[in-house]
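Novice: Using numbering that gives the first Met the number 0, read the sequence shown as starting at 0 and increasing by one per residue. Beta carbons: idealized from backbone N, C-alpha and C, even for Gly. Predicted, not measured: the structure shown is a model, and the values here were computed from it. Okay, here's the structure, questions in a sec.
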Amino acid sequence: MDPSTSFHAATTPTQTSPNTYTANFNPAWTIGTVPHGGFVTAVFLRVVRLHFDTTLKKQNQPHTLTLHLEFLRRTQTGPANFVVKDIKLGRQTSVVHVTLSQEGREEVVGYVTNSNLSTETGVTFATKWALSPPAPAADVSKFDSDADPIWGERHS
Numbered sequence: 000m001d002p003s004t005s006f007h008a009a010t011t012p013t014q015t016s017p018n019t020y021t022a023n024f025n026p027a028w029t030i031g032t033v034p035h036g037g038f039v040t041a042v043f044l045r046v047v048r049l050h051f052d053t054t055l056k057k058q059n060q061p062h063t064l065t066l067h068l069e070f071l072r073r074t075q076t077g078p079a080n081f082v083v084k085d086i087k088l089g090r091q092t093s094v095v096h097v098t099l100s101q102e103g104r105e106e107v108v109g110y111v112t113n114s115n116l117s118t119e120t121g122v123t124f125a126t127k128w129a130l131s132p133p134a135p136a137a138d139v140s141k142f143d144s145d146a147d148p149i150w151g152e153r154h155s
């Protein structure tokens, strides 16, 4: 795969001002001609992470707790502009509103709540919950070669 089309590279936004970001929706991440919704969602999450790492660094809230997106219109490949509006900046959690526009049209809007899971304290309830049946063991060393007999790439 061309390194420019790797998922990491394709979902990397650029900050253009304290509350605006750009990305380029690569044709390698489409279904037909429309960027995959999961790909678009990943870019949203990376925009929010960058926003909290830069503009809202003092909040110290790097972890997304909730994400709600509305896909108003189909997105398209090419340039995408993101505007982040700080809605509620709090001590424990903060909420931002993000708008994705292309060619002047609002395509996707969303609300994202961030916090810092490392600083969470409070009551924890001991439960006896367990995965049933337990997940089968995996030999992670065989993942790259797709040689694990239970866990591997699904071929259709």
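(1) Among the residues of its own chain, which have a CB less than 7 Å from the CB of residue 116, if the five just before and after it don't count?
(2) Measuring CA to CA, which of 83, 57 and 97 is closest to residue 67?
(3) So, is residue 74 buried or exposed, given that buried needs 16 or more other C-beta atoms within 10 angstroms?
(4) Cα-Cα, which of 108, 131, 102 and 120 is closest to residue 36?
(5) How should residue 34 be labelled, buried or exposed, when 16 other C-beta atoms within 10 angstroms of its C-beta is the threshold for buried?
(6) Cα-Cα, which of 14, 7, 26 and 4 is closest to residue 77?
(7) Exposed or buried, residue 5, counting other C-beta atoms within 10 Å across all chains shown (16 or more means buried)?
(8) Using a Cβ-Cβ cut-off of 6 Å (strictly less than) and excluding sequence neighbours within five positions of residue 92, which residues of its own chain qualify?
(9) From 21, 142 and 119, pick the residue whose C-alpha is nearest to that of residue 60; which is it?
(10) With distance defined between alpha-carbon atoms, name the residue in 11, 51, 151 and 100 nearest to residue 89.
(11) Who are residue 104's beta bridge partners in DSSP?
(12) Hey, would you say residue 18 sits closer than 8 Å to residue 82, going by beta carbons?
(13) Who does residue 81 pair with in a DSSP beta bridge?
(14) Compare the C-alpha of residue 70 against each of 138, 99 and 12 and name the closest.
(15) Along the chain, where does the beta strand (DSSP E) containing residue 63 start, and where does it finish?
(16) With a CB to CB cut of under 6 Å and the five nearest residues on each side skipped, what residues in its chain are close to residue 42?
(17) Since residue 72 contacts residue 106 with CB under 8 Å, what's their CB separation in whole angstroms?
Specialist: The short version:
(1) On the sequence shown, residue 116 is found 117 positions in, with the first residue counted as 1. Result list for residue 116: 62, in chain order.
(2) Position 68 of the sequence shown, counted from the start, is the residue given in the question as residue 67. Of 83, 57 and 97, the residue nearest in Cα terms is 97.
(3) Here residue 74 is taken as the residue at index 75 of the sequence shown, counted from 1. Buried: at least 16 other Cβ atoms inside 10 Å.
(4) On the sequence shown, residue 36 is found 37 positions in, with the first residue counted as 1. Comparing Cα-Cα distances from residue 36 to each of 108, 131, 102 and 120, the minimum goes to 108.
(5) The sequence position of residue 34 within the sequence shown is 35, counting from 1. Label assigned to residue 34: buried.
(6) By 1-based counting over the sequence shown, the position of residue 77 is 78. Ranking the options by Cα distance to residue 77, first place goes to 26.
(7) Position 6 of the sequence shown holds residue 5. Exposed: under 16 other Cβ atoms inside 10 Å.
(8) The residue given as residue 92 occupies position 93 in the sequence shown. 112 and 114.
(9) To locate residue 60, count along the sequence shown from 1; it is residue 61. Of 21, 142 and 119, the residue nearest in Cα terms is 119.
(10) As a position in the sequence shown, residue 89 is number 90, starting the count at 1. It is 51.
(11) Counted from its first residue, the sequence shown places residue 104 at position 105. For residue 104, which the question treats as bridged, DSSP gives the partners 101.
(12) For the purposes of this step, residue 18 is identified with residue 19 of the sequence shown, where counting begins at 1. For the purposes of this step, residue 82 is identified with residue 83 of the sequence shown, where counting begins at 1. For residue 18 and residue 82, yes; Cβs fall inside 8 Å.
(13) Counting from 1 along the sequence shown, the entry for residue 81 is found at position 82. Paired residue(s): 20 and 99.
(14) Against the sequence shown, residue 70 aligns to sequence position 71. Nearest C-alpha to residue 70: 99.
(15) The sequence position of residue 63 within the sequence shown is 64, counting from 1. Boundaries of the beta strand (DSSP E) harbouring residue 63: 62–70, taken from the DSSP string.
(16) In the sequence shown, residue 42 corresponds to position 43, counting from 1. If we look at residue 42 and ignore the five residues flanking it on each side, its Cβ neighbours are 10 and 22.
(17) By one-based count along the sequence shown, residue 72 stands at place 73. By one-based count along the sequence shown, residue 106 stands at place 107. Yes, they are in contact, since the Cβ atoms of residue 72 and residue 106 sit about 5 Å apart, within 8 Å.
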